[in-house]
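J.:
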Amino acid sequence: MAPPNATDASVASELPGEPPLASQSTKAQTSPPPESHQSIWLRRAAIISFWAVAVLLGLPVWWTTTAIYRAELPLQDMTDWAEGKVCKPVFPLRIAIEAPASTQDTAQLVRLTQHAIDDLNDFSAHHLRLMPAEPAYAANMSQEVVVDGTTIRSDDKDTVLVIRLIQVETGGTPRARLQKYSPTLDVYYSAAQLPTQSANSSPLASFIAQELQTIFAEEQAQLAYVLAAQPGTQAARVASLSPEKHAELDRHSTKVLKYAPTYHLTFSLFSPSYAPSAWNIEAALQTYLAPLLESFSSISNFTVDTQVQLYATFSPSIHAPEYEETTKAWTLRKEDLSGFVNAAEWPLSPSIGEGPTVNFIVYVPAPSQSPLLVKESAGNSWLVPQWGGVHILNLPSGSSPDALTIDDLAPAMHTFSDQLTSLFGLSQVPSSLPLRISTLERVRAASLIFSASSTLGALAQVYQKMPSIPVPDNVAQSVGSTIKHLHQACNHLRDGRFQSALDHARLAEVEAEKAFFERSMVGQVYFPDEHKVAVYLPLLGPVAVPLVMAALKELKGAIATLRKR
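For the sequence shown, position 484 (counting from the first letter as 1) is numbered 484 according to the UniProt record's numbering, and the numbering increases by one without interruption.
1. Under 6 Å Cβ to Cβ from Leu-112, same chain only, skipping five residues before and after it: list those, please.
2. Using three-state DSSP, classify Asp-250 as helix, strand or coil.
3. What number of angstroms, rounded off, separates the C-alpha of Ser-124 from the C-alpha of Leu-241?
4. If distances are taken between C-alpha atoms only, which option among Tyr-363, Ala-82, Ala-67 comes closest to Pro-74?
5. Can you name the start and end residues of the beta strand (DSSP E) that Ile-215 belongs to?
6. Measuring only the C-alpha atoms, how far is Met-131 from Thr-184?
7. Could you work out which residue in Leu-337, Ser-438, Gln-213, His-485 is closest to Gly-379 when comparing CA atoms only?
8. In whole angstroms, what is the alpha-carbon distance linking Ala-366 and Pro-321?
9. For Gln-307, I'd like the list of residues in its chain whose CB is within less than 6 Å of its CB, leaving aside the five on either flank, ordered along the chain.
10. For the beta strand (DSSP E) containing Asp-418, list its first residue and its last residue.
11. I need the DSSP call for His-127, collapsed to helix, strand or coil.
12. Please name the residue, chosen from Val-390, Val-384, Ile-208, Trp-346, that lies closest to Tyr-363 on a Cα-to-Cα basis.
13. How would you write the range of the alpha helix (DSSP H) that Ile-299 sits in, first residue to last?
14. Looking at the structure shown, is Ile-97 part of a helix, part of a strand, or coil, going by DSSP?
15. Relative to the alpha-carbon of Val-256, which residue among Asp-305, Leu-383, Ser-273, Val-162 has its alpha-carbon at the smallest distance?
16. Report buried or exposed for Ala-236, applying the criterion of at least 16 other Cβ atoms within 10 angstroms of its Cβ.
17. Going along the chain, which residues of its own chain have a beta-carbon closer than 7 Å to the beta-carbon of Gln-461, five neighbours each way excluded?
18. Considering only the alpha carbon of each residue, which of Ala-446, Thr-266, Ile-406, Leu-373 lies closest to Trp-346?
19. Going by alpha carbons, who is nearest to Ile-437 out of Trp-51, Leu-292, Asp-122?
20. Quick check on the DSSP output: the beta strand (DSSP E) that includes Leu-372 runs from which residue to which?
21. Can the beta-carbon of Ala-445 be found closer than 7 Å to that of Ala-505?
22. Among His-37, Ser-447, Tyr-181, which has the Cα closest to the Cα of residue 577?
23. Can you find a CB in chain B that lies within less than 7 Å of the CB of Arg-506?
24. Nearest CA to the CA of residue 581: which residue from Pro-261, Gln-309, Lys-553?
25. How should Lys-556 be labelled, buried or exposed, when 16 other C-beta atoms within 10 angstroms of its C-beta is the threshold for buried?
26. Considering just the uninterrupted stretch of the alpha helix (DSSP H) at Trp-41, what are its terminal residues?
27. Is DSSP giving Trp-63 helix, strand or coil here?
28. In chain order, what residues of the same chain have a beta carbon less than 7 Å from the beta carbon of Thr-106, not counting five sequence neighbours either side?
29. When the Cα of Ala-412 is compared with those of Leu-285, His-485, Ala-515, which residue comes out closest?
30. Just to confirm my understanding: we take His-485, look at its own chain, exclude 5 residues before and 5 after, and list those with CB closer than 6 Å. What are they?
Right under this line is the structure:
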């Protein structure tokens, strides 16, 4: 029998409402002691210190090291230039009149001719301003003359055309002759045709005005074409162009090379055999092309190199030449001319020189395929728009010289001269080469002003629509330089200093392109925000999760404590 005390204890432990002794002992061992206020505040201080380091130190360091620097740009000025609100180009052409008659008669003729020109002109942005040529002008000195109440200062380089009045006794008068290699118009008249001081009109003045209108008609059309394509151009200031003339200028613009300060000219000799293996190209260039390149020096610079390629085969993409009995010649089809140049094997690198490369090819066919002509036109040369030109040099029958002389190359050089003027946008009229080149200066100046202005507008849009791209200080400097040169170019146009206007317009175009294609900007244009999230999330996630969870836990505990109180 068990001891009474043990039985009583067992019975007592099993009384209703009382837990077993073993459960009380286990609970007493597993329950943590209550946390002191000191440990609670210590834990909270640790969490707050981590958050303080992250917010007060880590966030500023991250913001500073990843901030995108954006220099301030004159966005309103840039937009105004792009919209054509700042510069309204005008082209006042100064024309001097040399006359052997008295000063009073010349001044009266100038006034009457000026009125006649103004009546004929319907293009207010392009106007001719006549002035009498004084002896100071003939000595290449500056002068000031008053035309219709306006004082105009002129010197030799700013005078576009000189009209020489030559009194004659025989032949039909008045008549005119434009010098081919000089900006001079010779006008022949009789003494009776000079206007008197009281005359309100003069047949001689009307004749000169009509001649000037004819000489500068092509220039007016080209400038009107350029101005009409620009935003903000007033219709009243632009001469109307017929659909035929507009289409002609459109075709002309597709052939012209894009303007560049420097062009690289490559002259290549290709032969399908071992001969000719040499050519006197240096002497030929010096004789035929150097004067033309010198004339273009005020617009662009040129570098030249030459090369010879033997055993040059046709491109496999074209049909082989066919022999025609009627013409006794080998012919190429017109549709094969675009693939005549074997770009895969002929060494015509487009990046040989500093600027855009213009290729001129002399191809000497084999004696068995000579003469070689174009089937449709029976010609032996053609122009490749915005690229260069090709000339097939058919040597005399049966000849295959080892070297080509200057006389052999003369036809090719004449062809290349014409092709070069077409590629640079030189018009075919008037007959005076200096006048055509001066026209090209004005057209180029206007085109460059509009091009630089358009680039500024595009840069302003990029700056506003892409706030995530950096804009360094050199971009702001280039923009400021562009605007400065644009103002100077526009002012020089108004003053009739077209060479100076072209120089500043050229610098403005260079600076605008430099600003728009800044490397540090271009590299960030195609970097979307999703890429940034993909980069930072793996780095910040492991650090942020413990901090956030600990802060939430403490916040939850603090809220529970407040509710109990």
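Beta carbons: idealized from backbone N, C-alpha and C, even for Gly.
T.: With the structure as the only source:
1. Taking the first residue of the sequence shown as 1, we reach residue 112 at position 112. Within the same chain, Leu-112 has close Cβ partners Pro-195, Ser-202, Ala-205.
2. Here residue 250 corresponds to residue number 250 of the sequence shown, with the count starting at 1. Three-state result, Asp-250: helix.
3. Within the sequence shown, the letter at position 124 stands for residue 124. Within the sequence shown, the letter at position 241 stands for residue 241. Distance between the alpha carbons of Ser-124 and Leu-241: 14 Å.
4. The residue labelled residue 74 in the question sits at position 74 within the sequence shown. Closest by alpha carbon: Ala-82.
5. Start at 1 with the first residue of the sequence shown, and residue 215 comes out as number 215. Counting along the chain, no beta strand (DSSP E) covers Ile-215; the unbroken alpha helix (DSSP H) around it starts and ends at 203 to 215.
6. Translated into positions along the sequence shown, residue 131 becomes position 131. Translated into positions along the sequence shown, residue 184 becomes position 184. If I take the Cα positions, the gap works out to 14 Å.
7. Your numbering for residue 379 matches position 379 in the sequence shown. Comparing Cα-Cα distances from Gly-379 to each of Leu-337, Ser-438, Gln-213, His-485, the minimum goes to Leu-337.
8. Here residue 366 refers to the residue found at position 366 when the sequence shown is read from its first residue. Here residue 321 refers to the residue found at position 321 when the sequence shown is read from its first residue. Distance between the alpha carbons of Ala-366 and Pro-321 is about 12 Å.
9. Here residue 307 refers to the residue found at position 307 when the sequence shown is read from its first residue. Correct list, in chain order: Ser-268.
10. In the sequence shown, counting from the first residue as 1, residue 418 sits at position 418. Here Asp-418 belongs to no beta strand (DSSP E); instead the alpha helix (DSSP H) covers 406 to 423.
11. Within the sequence shown, numbered from 1, the residue matching residue 127 stands at position 127. Three-state DSSP puts His-127 in a strand.
12. As a position in the sequence shown, residue 363 is number 363, starting the count at 1. Looking only at Val-390, Val-384, Ile-208, Trp-346, the smallest Cα-Cα distance to Tyr-363 is reached by Val-390.
13. As a position in the sequence shown, residue 299 is number 299, starting the count at 1. Counting along the chain, Ile-299 falls outside any alpha helix (DSSP H), and DSSP gives it neither H nor E.
14. For the purposes of this step, residue 97 is taken as the residue at position 97 of the sequence shown. Ile-97: strand per DSSP, three-state reduction.
15. By 1-based counting over the sequence shown, the position of residue 256 is 256. Nearest of Asp-305, Leu-383, Ser-273, Val-162 to Val-256, Cα basis: Leu-383.
16. By one-based count along the sequence shown, residue 236 stands at place 236. At Ala-236, the pLDDT of 41 sits below 50, so the modelled position is not reliable and the matter cannot be decided from this model.
17. Position 461 of the sequence shown, counting from 1, holds the residue named residue 461. Answer for Gln-461: no residue qualifies.
18. For the purposes of this step, residue 346 is identified with residue 346 of the sequence shown, where counting begins at 1. Nearest option by C-alpha distance: Thr-266.
19. In the sequence shown, residue 437 corresponds to position 437, counting from 1. The option with the nearest alpha carbon to Ile-437 is Leu-292.
20. Locating residue 372 in the sequence shown gives position 372, counting from the first residue. Note, Leu-372: beta strand (DSSP E), 372 to 374.
21. Working through the sequence shown from its first residue, we reach residue 445 at position 445. Working through the sequence shown from its first residue, we reach residue 505 at position 505. Yes, these two residues count as a Cβ contact at 7 Å.
22. As shown, the chain starts at 1 and ends at 565. That puts residue 577 outside it, with no answer to give.
23. Absent from the structure: chain B. Only one protein chain is present.
24. Examination of residue 581 is not possible in this model, given that the chain is present from 1 through 565 alone.
25. Here residue 556 refers to the residue found at position 556 of the sequence shown. It counts as exposed.
26. On the sequence shown, residue 41 is found 41 positions in, with the first residue counted as 1. DSSP places Trp-41 inside the alpha helix (DSSP H), whose first and last residues are 37 to 52.
27. Your numbering for residue 63 matches position 63 in the sequence shown. In the structure shown, Trp-63 sits in a helix (DSSP, three-state: H, G or I).
28. Indexing the sequence shown from 1 puts residue 106 at position 106. Excluding residues within five positions, the ones whose Cβ falls inside 7 Å are Ile-97, Ala-99, Pro-132.
29. Locating residue 412 in the sequence shown gives position 412, counting from the first residue. With distances taken between Cα atoms, Ala-412 lies closest to Leu-285.
30. Against the sequence shown, residue 485 aligns to sequence position 485. Only residues of its own chain outside the window of five on either side were considered, and among them His-504, Leu-507, Ala-508 have a CB closer than 6 Å to the CB of His-485, listed in chain order.
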